[in-house]
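Input: a single structure, listed below in structure tokens.
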Ligand SMILES: Nc1nc2c(ncn2[C@@H]2O[C@H](COP(=O)(O)OP(=O)(O)O)[C@@H](O)[C@H]2O)c(=O)[nH]1
Ligand SMILES: [Mg+2]
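Chains as they are written, first to last, in our numbering: chain A, 1 to 215; chain B, 216 to 1085.
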């Protein structure tokens, strides 16, 4: 039993982008650890987390890059977009400015990723209804116009966090199934691993086939 | 505190092992051993630990070579001494070192160990004796445990339908409570335990995939169950007779329940010399066809594989429904006939994997004749040695069935057939096995049938030929493996075709099987834990600060800032400053340097990194561009500190580049109406923008004028002025001149010397983004180009450029005239390089010659006209 089952069939690379303070790191943490990190330190750089999820019976390892949102790092963080299969673009529903900047984040994403990169727009901090500055409808319309997936979520109470990450993966997987992603291209952001060795197929353990059964 | 000798004493180790345990849990014995993990070996300390009413053997992994405290010991495995406990010496042909294996009901697999000090037989022997004594004592005193030890007990449930029944994990001697104290040592979250070897970099951290495999294996006992399979072994020496028309059903369909696996062995299918010399290896299809017709009718079967060598053939047939559970199947054959080569004697074997266990079936035909006992034993060894499958030999299988015409006879002189039980005492195989000369560790069921050899064909009568062969049990079925139980073992008198009677035996074998549901659960659980493990095991680096504030930065001045990076995590950290983009391979701006720019830190270490800024003539214009019109400090650069397999940290280099005449275009310099030191970048950029349209305040930059004027006054006789080798480039005096120039040098005396003034002039000319002669019509460099037209080209330059050029060349012309040491070649070459720069590759000679044309003749008239003109 030299070759055991692999623990996943695909790796998808994600990036999380958006203005500073919208809750990118908290969303990542909520997704990987199922916890809210109230005193999350500022991201001064790029961090990453992984989690294995299941889509259509396939194990997918998400490799998620959380970037610093400060304007001054913009030029540097751009180099991390390449090869992302999914981009989570986050704004804070309680801060209009973070919503207003979306078009520039979107431009970067479109310019720096491949055309099939799935972009999911997240309106974070949905728990703070009382201080809302951006309506659901408005953001929904923006998402529709730009062909983005969209949900409001809360890294604090976990609402829709799981869904946003998983929906993105499902969409990417669907793109693969429909042949829209070239898995061999490194820009696709997807790596494929052969599925777990089948129970039924007798793969030859030695190159010397003479000794193998013909079964 | 402890010196090496103390640490190594057995009592010291004993002590620290004891410290791992609570009062009442006593370490009775300790054994140094190691395990082989792939090609590596890993040291272990085994400890026999006793509580009031139970015992267990602990295997500790060592965090370092010489454990110094109990925390250097990490529990790797625990073997409770329960009824499934075994400590067995492994004597294998392939491995000379004496190894031993430990297993128990709770550990899914045997673990093999090797004593670290094989020469010190005492440590091993006394440990083993003690363990054996305890086990025996436990067996004797346990009323719940049946008498026989080998083979281990089974549910006596023969009625279970094919496909197997499940047997429970065997229990403990007493209650489970007896072993409850072990739970404390089976920590679930040891996953994240800090390992000193990993921290100091001497052992690599397992990465996701291998960690996953490791964990899966470790938790095997949670999802591996035993499933019972029915196995039917059959052997018949057909004595060269065609058996494809014989009714084989009495031999192959004799069991009540349909078997899951058949292993059907023939010998002497073909006795022809041709078959022997050609080592016939094609399975006999007509025989297989007959087999397939003669199987139990209670299930659907298919042939898995057949292997043949001359007269020997082994056919494995499996129930169609279990076929998908067989994930590997290999066959192999070995001839032990004449020269140990010919295939008239020898063995054929099939190795397969059923669920999680490996099975091996061997059909052998050993040497004939009463006297050849020794030869038969040798054949057995030879087959064991040479029948090798891709990854294992026969003995490595979990279950082994050895069947065939083993040809052992009776050591009896009388041909009186008396009581079989008496005769069996003279059976050579029984005698040889009792003497440990052959089939060591194999079992054979009790023989309750009459000898299978030798009959007059077509009858049940003993051999009536001349030879009057002594009857014997030539045809036998043996097995090896603790989870096999024989149900029947018989011969078939009815089949009279050959001088041998066929033999068969049926078994129940417990095969390790993944419980898919439990497996899925464990799999999920481990996935989650490995996720967490991966996220928690990212190497982390702590940086003292992420902003490096350089405050004010001046041209040609050296600055540095130090900051520490520390490794406070439990893993070694490899860091490096990373190229910022795929197109820009630099890790920082040209005027910044980082030292060191990569390194490795083991846990607890820190390191100081120095970032230097030195803005020189070649790069200053880029800094100016970056500074733009910003007032005050700006992020001059962002360094990406990359941690291998971890996150990237951005380090911002902050600072304000102070305006200076160096690096500014001459046009801008001509528009200034106050000292540069008093100016802001916002003003400067504004002036710079306007300088293309607005009239210049002065005809040429004051700074250039002041330098040339000084040289004209005091430097005309200076020797070695304007050398190609710029030996005054690095000189503090240059920066004093800079400050003097930037404050317009009005009041004070010139702070430099002719040499530093000359160097400052060169630096001033070369530091602007564009060269002085810009834009440049490349034609002018052609030596045949009329000088008139060269003058024309100069005429077309912007006024400040033209004026600087004319003033400079007139000065140099004068200098060459007056100074006896001056060398026109050198000066023309030097200024050619500085004044004419282009993205085009212009030969130095062309540039020199161009300048020389101006220096060698007076252009006074032209210059006077031009100055007037402007
Ligand atoms: N109420 C609320 N606060 C949040 C939520 N997500 C993040 N925050 C807070 O917002 C701040 C910025 O979050 P952080 O993840 O560091 O933002 P980032 O700069 O985008 O990574 C932190 O103080 C968080 O506690 C949320 O869903 N609800
Ligand atoms: Mg963040």
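All C-beta atoms, glycine included, are put in the ideal place defined by N, C-alpha and C.
{"Query": "For the beta strand (DSSP E) that residue 701 of chain B lies in, which residues bound it at each end?", "Result": "699-706"}
{"Query": "List the endpoints of the continuous beta strand (DSSP E) containing residue 766 of chain B.", "Result": "762-768"}
{"Query": "When you compare the region 664-677 of chain B with the region 694-702 of chain B, are there three or more beta-carbon pairs, one atom per stretch, that lie closer than 8 Å?", "Result": "no"}
{"Query": "Residues with a Cβ closer than 5 Å to any heavy atom of ligand 2, in chain order?", "Result": "A/24, A/25, A/43"}
{"Query": "Which first and last residues belong to the alpha helix (DSSP H) in which residue 972 of chain B is found?", "Result": "969-981"}
{"Query": "By Cβ distance below 7 Å, which residues in the same chain neighbour residue 892 of chain B in space, the five residues on each side in sequence not counted?", "Result": "957, 958"}
{"Query": "For residue 881 of chain B, report the span of its beta strand (DSSP E) as first-last.", "Result": "Run containing residue 881 of chain B: none in the beta strand (DSSP E); it sits in the alpha helix (DSSP H), 881-884."}
{"Query": "Whose Cβ in chain B lies nearer than 7 Å to the Cβ of residue 76 of chain A?", "Result": "795, 853, 855, 865"}
{"Query": "Run the CB neighbour count on residue 444 of chain B, radius 10 Å, all protein chains shown included, and call it buried at 16 or more, exposed below.", "Result": "buried"}
{"Query": "I'd like to know whether the C-beta atoms of residue 616 of chain B and residue 576 of chain B end up nearer to each other than 7 Å.", "Result": "yes"}
{"Query": "CB of residue 876 of chain B to nearest heavy atom of ligand 1: below 6 Å?", "Result": "no"}
{"Query": "So, is residue 493 of chain B buried or exposed, given that buried needs 16 or more other C-beta atoms within 10 angstroms?", "Result": "exposed"}
{"Query": "Spatial neighbours of residue 56 of chain A within its chain, please: C-beta separation below 7 Å, excluding the five flanking residues on both sides.", "Result": "173"}
{"Query": "Tell me the rounded alpha-carbon separation between residue 877 of chain B and residue 832 of chain B.", "Result": "7 Å"}
{"Query": "Kindly indicate if chain D contains any beta-carbon less than 7 Å away from that of residue 190 of chain A.", "Result": "Judged by its chain identifiers, the structure shown contains no chain D, and its protein chains are A and B."}
{"Query": "Determine the closest residue to residue 661 of chain B out of B/1001, B/678, B/688, B/681, with distance taken between C-alpha atoms.", "Result": "B/688"}
{"Query": "Identify whether residue 426 of chain B lies in helix, strand or coil by the three-state DSSP scheme.", "Result": "helix"}
{"Query": "Buried or exposed, going by whether 16 or more other CB atoms sit within 10 Å of the CB of residue 783 of chain B?", "Result": "exposed"}
{"Query": "Give the interface partners of residue 746 of chain B over in chain A, defined as CB-CB distance under 8 Å, in chain order.", "Result": "32, 50, 51, 52"}
{"Query": "In whole angstroms, give me the CA-to-CA distance for residue 32 of chain A and residue 700 of chain B.", "Result": "49 Å"}
{"Query": "Quick one, which residues of the region 72-101 of chain A are near chain B if we go by CB-CB under 9 Å, in chain order?", "Result": "72, 73, 75, 76, 77, 78, 79, 80, 82"}
{"Query": "Compare the C-beta of residue 1099 of chain B against all C-beta atoms of chain A and say whether one is closer than 7 Å.", "Result": "An answer regarding residue 1099 of chain B cannot be provided, because it is not within the stretch 216 to 1085 covered by chain B."}
{"Query": "List the residues that DSSP assigns as beta-bridge partners of residue 658 of chain B.", "Result": "B/694"}
{"Query": "Please compile the residues from chain B whose C-beta is within a distance smaller than 8 Å of the C-beta of residue 68 of chain A.", "Result": "865"}
{"Query": "What are the start and end residues of the alpha helix (DSSP H) that includes residue 1047 of chain B?", "Result": "1039-1050"}
{"Query": "Could you give the first and the last residue of the continuous alpha helix (DSSP H) run that contains residue 791 of chain B?", "Result": "Taken as a continuous stretch (DSSP letters only), residue 791 of chain B belongs to no alpha helix (DSSP H), being part of the beta strand (DSSP E) at 788-792."}
{"Query": "Can you tell me the Cα-Cα spacing of residue 270 of chain B and residue 259 of chain B, whole angstroms?", "Result": "19 Å"}
{"Query": "Does DSSP put residue 453 of chain B in a helix, in a strand, or in coil?", "Result": "coil"}
{"Query": "Starting from the N-terminal side, write out each stretch of the alpha helix (DSSP H) that is 4 residues or longer and does not extend beyond the region 976-1032 of chain B.", "Result": "1002-1010"}
{"Query": "Once you ignore the five residues that flank residue 330 of chain B on each side, which residues in its own chain have a CB closer than 6 Å to its CB?", "Result": "248, 339"}
{"Query": "Is residue 758 of chain B near ligand 1, judged by its Cβ being under 6 Å from some heavy atom?", "Result": "no"}
{"Query": "Measuring straight from C-alpha to C-alpha, what distance separates residue 371 of chain B and residue 591 of chain B?", "Result": "Note that residue 371 of chain B scores 36 on pLDDT, short of 50, meaning its location in the model is unreliable; the coordinates nonetheless yield the value given after this. Approximately 36 Å between the Cα atoms of the pair."}
{"Query": "Is it a yes or a no for the region 814-830 of chain B touching the region 766-783 of chain B, going by three-plus beta-carbon pairs under 8 Å?", "Result": "yes"}
{"Query": "Whole angstroms are fine: how far does the CA of residue 803 of chain B sit from the CA of residue 795 of chain B?", "Result": "8 Å"}
{"Query": "Would you kindly check if the distance between the Cβ of residue 192 of chain A and the Cβ of residue 81 of chain A is under 7 Å?", "Result": "no"}
{"Query": "Quick check: residue 21 of chain A and residue 90 of chain A, are their CB atoms within less than 7 Å of each other?", "Result": "no"}
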